[in-house]
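Notes follow once the structure below has been shown.
Protein chains: 2
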Amino acid sequence: MSTRVALAQINLMVGDIAGNARRVIDCAERLRGTADIIVFPELTLTGYPPEDLLLRPVCDLRVATALRDIAAAATGVTLVLGYPAIRGGVRYNVAGVLRDGVVEAEYRKIQLPNYSVFDERRYFEPGANAVVFEQDGIRFGLTICEDVWFDMPVQRAASAGAQVLLNLNASPFHQGKAVEREALVADRAARFGVTVVYVNLVGGQDELVFDGGSFVVDARGQVKHRAAFFEESESLVLIERGIPQSGALQPFLGDEEQVYRALLAGTRDYVAKNGFSSVVLGLSGGIDSALTLAIAVDALGADNVEAVSMPSRYTAEISNSDARRQAQQMGVAYQSISIEPAFNAFLDMLSDTFSGTGPDVTEENIQARCRGIVLMAISNKRGRMLLTTGNKSEMSVGYATLYGDMAGGFAPLKDVPKLLVYRLARWRNRNGEVIPQRVIDRPPSAELRADQKDSDSLPDYPVLDGILALYVEQDKSVEEIVAAGYARPIVERITRLVDRNEYKRRQAPPGIKITRRAYGRDRRYPIVNGF
Amino acid sequence: MSTRVALAQINLMVGDIAGNARRVIDCAERLRGTADIIVFPELTLTGYPPEDLLLRPVCDLRVATALRDIAAAATGVTLVLGYPAIRGGVRYNVAGVLRDGVVEAEYRKIQLPNYSVFDERRYFEPGANAVVFEQDGIRFGLTICEDVWFDMPVQRAASAGAQVLLNLNASPFHQGKAVEREALVADRAARFGVTVVYVNLVGGQDELVFDGGSFVVDARGQVKHRAAFFEESESLVLIERGIPQSGALQPFLGDEEQVYRALLAGTRDYVAKNGFSSVVLGLSGGIDSALTLAIAVDALGADNVEAVSMPSRYTAEISNSDARRQAQQMGVAYQSISIEPAFNAFLDMLSDTFSGTGPDVTEENIQARCRGIVLMAISNKRGRMLLTTGNKSEMSVGYATLYGDMAGGFAPLKDVPKLLVYRLARWRNRNGEVIPQRVIDRPPSAELRADQKDSDSLPDYPVLDGILALYVEQDKSVEEIVAAGYARPIVERITRLVDRNEYKRRQAPPGIKITRRAYGRDRRYPIVNGF
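Sequence lines, in order, name chains A and B.
Read left to right, the first sequence gives residues 2 to 532 (the working numbering).
Read left to right, the second sequence gives residues 2 to 532 (the working numbering).
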């Protein structure tokens, strides 16, 4: 009447069905004799989210082949894993129980999320029925991710006799989600009187990071075990007569640490899973590129990071020296390339065309784009992915140059508001200066014309970020934001800028979702928009 | 027992709820006395697709205000229009019947498409019930777009006594869709013995073009009326004892013409609805930019188009002269700006960094990106939207430079395969040369190194486009494409290129969907992809 359940919190590769199957089989080989049941994340075989790969008929063939191989390895240990499956001509999001060499049972996900970043109704039909299997005298039910956010699937499993619910997840990170998720599952476990084994995916996939933190709550809602966040783990929990015994309780992470770890995981996986091993970035002496450099070094190692500063006539000497100092402190390859020759060449080439006009944002953009060309040339020549350094506040209002500072393969700070950039920089410096204090203290400037400051064009960041959180993340109207205490003309201007700059965001590189609502698949706005 | 139905095939503005309501009221004022019922397209008030604007609570307030205003105008004429509506805490896609100053009835869309470009399950819950109203002794049922692609909603309306079905649509264009759509609806009308009045939206919204072509089929499946394609119209159909009388039958358009008209409509609306009146584009002497120029001129007028050729050391003199000749023939502003000074400046700036390495794609990309900077500078300085000229074949395999020739606000040919580019060019020349014949006849080249030809890097376009159609549009596997007669090494290389270049497409400007499966919201692939 006791059994050992392993929570296989692993980092999978979307689309690599054969490779993910090998991970499952390796895990089974390694844990056979130690664990009686191994539980894997949602859609183990395809990774999550597989998107339109699911629509390729050959995807189903590969899943079927993988399942046969895995079933053959399911001897002496029960494997519970996720995959898409067409049954009766209809595609379901399935959790299969593989035991004694066969697929013994399949549970079909009931609640299919189709909001935020999720599109599961595009691919799947909902299931309806509980699935319960017995092992070592204990009755196990199955659910998949969104299912446990609703009463019905849990209730059905409990009614069908489940003492322990094995819940397979691919639950993406945002700030505070881990605490929220655990509290919700604990509540449901207590209400329906079932133990829940919650196994989450870990690692980055395009704009999403899965934060792990798999856990076990008993039927009174007590957390008995919690795995680490943002790393792979295979933890074992002993279940006796349906009651989980206490295991390790890894701590929740603080505000800044959880975001920073998400940025590391997202950056590391995006770079590596796309076949790159190193990155290059522009280091301006400003806070965004300074934090991006720290993330890149922490994620990939100093040897795999190259920093380039690209001064112009408008660059303060303090910017150059702070950039150089940080690069040296962090031990990364560093060079400085003036953009003046190219900038002058373009001004000459366009002098006839532009004769009779005064300087405007055109000349500022040319500078930013000259930097984009230099960085992309280094990226192309050396096979290093270019990281772009813009933050969410800039992306929101379009305070960035398309094909200039927005150029790059990945944007680690894309969903990080400016005030949080500062908090993360201070947090990263907590054990010693990594980002020069002066970079944190200086008023931010794009340095694209003489004596430029961000505050010439934008409200102070506390005001800007406050308005953006209400408008973008909470869908508040102009009226409501004004009622919250912001000046109407500023609210009107900022919300208009957000709407009008959708076209820039549509051409931005991917970045890591860390807020409740990121740009990209999470917030789907029209470009042509008369709202 | 007779009534006059107006098919209001109009071009709406997504998000501009007050403006769209004014269009409806204007139409009611104008047609009162001429028409008894006016039928508008699906989601008339928000335009289609409104995407996440639907999630803003203020959207519902604006719709409610607009409905009150429109209801007040609904006297002496019945208005049937579409809007989102929260009823009992749930959002539906609704067709409302406004008569005698009130909203008399509301039908809730039953079939919510959630495939291809559609995400309606993200926003709406399905309705279940038929709605039938009587006017002049005739019983009218309601359905919305996808509903008539299924039997059930039509059957329910017929069972509820509907003689005439008013179907509100926002049905986006792809090649051949108009014929397919009409045949399907005619079949359903005949099977259920109802007349169908099919009113479609017209005009462009981001990557979609709605082609109009509204029609009426009688209960035997005979088409009695067809409105023009790609233009606004308000046509009247007389219905006597449930039987529609014959009206005008605008012709279907031929293959090339329908695509060309879609490209015009999409380009015109994207430019104008974003507040621009003019465009600039790079004219290389090649076929893609030649066709894009013709589209721009036909869509916006020669006065609103500026062409720039940007030769380098690798540009053939024939390219320059063909570009100049076409610009003159079409009467657009034209200039030539050599990129050599900027190209040389970059080579000098990077000479230390790149010392010891040979030339590769890096130097090719620098040239393309210098052109991108010149064009964006002209775009910025003059407030002209930059059109980018790449086609679907290039976008598929990544034969284009990010931030170089891919730079721009809109990509008219983004979904047009290269062979179709040629067909469209020949079709556009049918009444006299617009695109110099030599441009059509020359072997295509990117001219980024000496004696370069597309065929150095890519299979011939008939092979490339054949493979791409099978892989991208039909989801065929490598095995199936090889079985269709293509050489395995080429199939493997091309399909791998498609997968690996998703990152480029993700940063591409929007363009017009004309095939069954366009890149963008239509084909959602992961960037990190081990498939």
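We treat Cβ as the ideally placed atom computed from N, Cα and C, and that holds for glycine.
- For Ser-478/B, the C-beta contacts it makes with chain A under 9 Å involve Arg-57, Pro-58, Val-59, Leu-62, in order along the chain.
- With its beta carbon less than 9 Å from one in chain B, Met-14/A belongs to the interface.
- Listed along the chain, the chain A residues whose CB falls inside 8 Å of the CB of Glu-52/B are Arg-525, Tyr-526, Pro-527.
- DSSP places Val-64/B in the helix class (H, G or I) of the three-state scheme.
- Counting only the Cα atoms, Asp-466/A lies some 32 Å from Ile-340/A.
- One thing to note: Arg-385/B has its Cβ within 9 Å of the Cβ of Ile-379/B.
- For Ile-87/A, the enclosing beta strand (DSSP E) starts and ends at 79-88.
- Asp-455/A is classed as buried because its beta carbon has at least 16 other beta carbons within 10 Å across all chains shown.
- Taking the Cα of Arg-522/B as reference, the smallest distance to any Cα among Tyr-400/A, Gln-136/A, Asp-120/A is reached at Asp-120/A.
- When DSSP states are grouped into helix, strand and coil, Tyr-472/B belongs to the helix group.
- Beta-bridge pairing by DSSP links Leu-169/A to Ile-145/A, Val-200/A.
- The shortest C-alpha to C-alpha distance from Val-529/A to any of Asn-321/B, Ala-412/B, Gly-243/B, Asp-207/B is the one to Asp-207/B.
- At the C-beta level, Val-6/A and Val-309/A stay beyond 9 Å of one another.
- Counting other Cβ atoms within 10 Å of its Cβ, Ser-247/A stays below 16 and is therefore classed as exposed.
- Listed by position along chain B, the residues whose Cβ is nearer than 8 Å to that of Asp-256/A form an empty set, because the closest Cβ is around 27 Å away.
- Between Asn-275/B and the set Tyr-315/B, Ile-374/B, Gly-410/B, Glu-258/B, the nearest pair of CA atoms involves Gly-410/B.
- Gly-410: these are the residues of the region 410-436 of chain A whose beta carbon lies less than 8 Å from some beta carbon of chain B, given in chain order.
- Chain A has no Cβ within less than 9 Å of the Cβ of Cys-146/B.
- No Cβ of chain A is located within less than 9 Å of the beta carbon of Thr-66/B.
- Judged by beta-carbon spacing, Arg-501/B lies beyond the 9 Å limit of Gly-391/B, meaning their Cβ atoms are not closer than that value.
- Unbroken alpha helix (DSSP H) runs of no fewer than 4 residues, entirely contained in the region 103-149 of chain A, are found at 121-124, following chain order.
- The bridge partners DSSP lists for Val-217/A are Val-198/A, His-226/A.
- Ser-458/A sits exposed, since fewer than 16 C-beta atoms from the chains shown fall within 10 Å of its C-beta.
- Pro-490/B and Phe-355/A have their C-alpha atoms spaced approximately 50 Å apart.
- Beyond the five residues adjoining it in sequence on each side, Glu-126/B comes within less than 7 Å, by CB distance, of Val-91, Arg-92, Tyr-93 in the same chain, given in chain order.
- Residue Leu-80/B holds the alpha-carbon nearest to the alpha-carbon of Ala-9/B among Leu-68/B, Leu-80/B, Pro-58/B.
- Residue nearest to Leu-167/B within the set Arg-63/B, Ala-187/B, Leu-294/B, Val-217/B is Val-217/B (criterion: CA-CA distance).
- When Cβ pairs closer than 8 Å are counted between the two stretches, the region 260-278 of chain B is seen not to touch the region 359-369 of chain B, the count staying below three.
- Chain-ordered, the chain A residues with CB closer than 8 Å to the CB of Ala-343/B read Ala-343, Ala-346, Phe-347, Met-350.
- Under the three-state reduction of DSSP output, Met-407/A falls in the coil class, being neither helix nor strand.
- The region 406-449 of chain A contains, as complete alpha helix (DSSP H) runs of 4+ residues, the segments 419-429, 438-442 (chain order).
- Under a criterion of Cβ atoms nearer than 7 Å, the residues of chain A adjacent to Gly-531/B are, in order, Met-14, Val-15, Gly-16, Asp-17, Gly-20.
- Chain-ordered, the chain B residues with CB closer than 7 Å to the CB of Thr-358/A read Lys-382.
- Excluding five sequence positions before and after Gly-405/A, the CB atoms of its chain that fall closer than 7 Å to its own CB belong to Asn-366, Ala-369, Arg-370, Arg-372, Gly-373, given in chain order.
- At a cut-off of 9 Å between beta carbons, Ala-408/A contacts chain B.
- The alpha carbon of Thr-516/B has as its nearest neighbour, out of Glu-107/B, Gln-176/B, Gly-89/B, Tyr-84/B, the alpha carbon of Gln-176/B.
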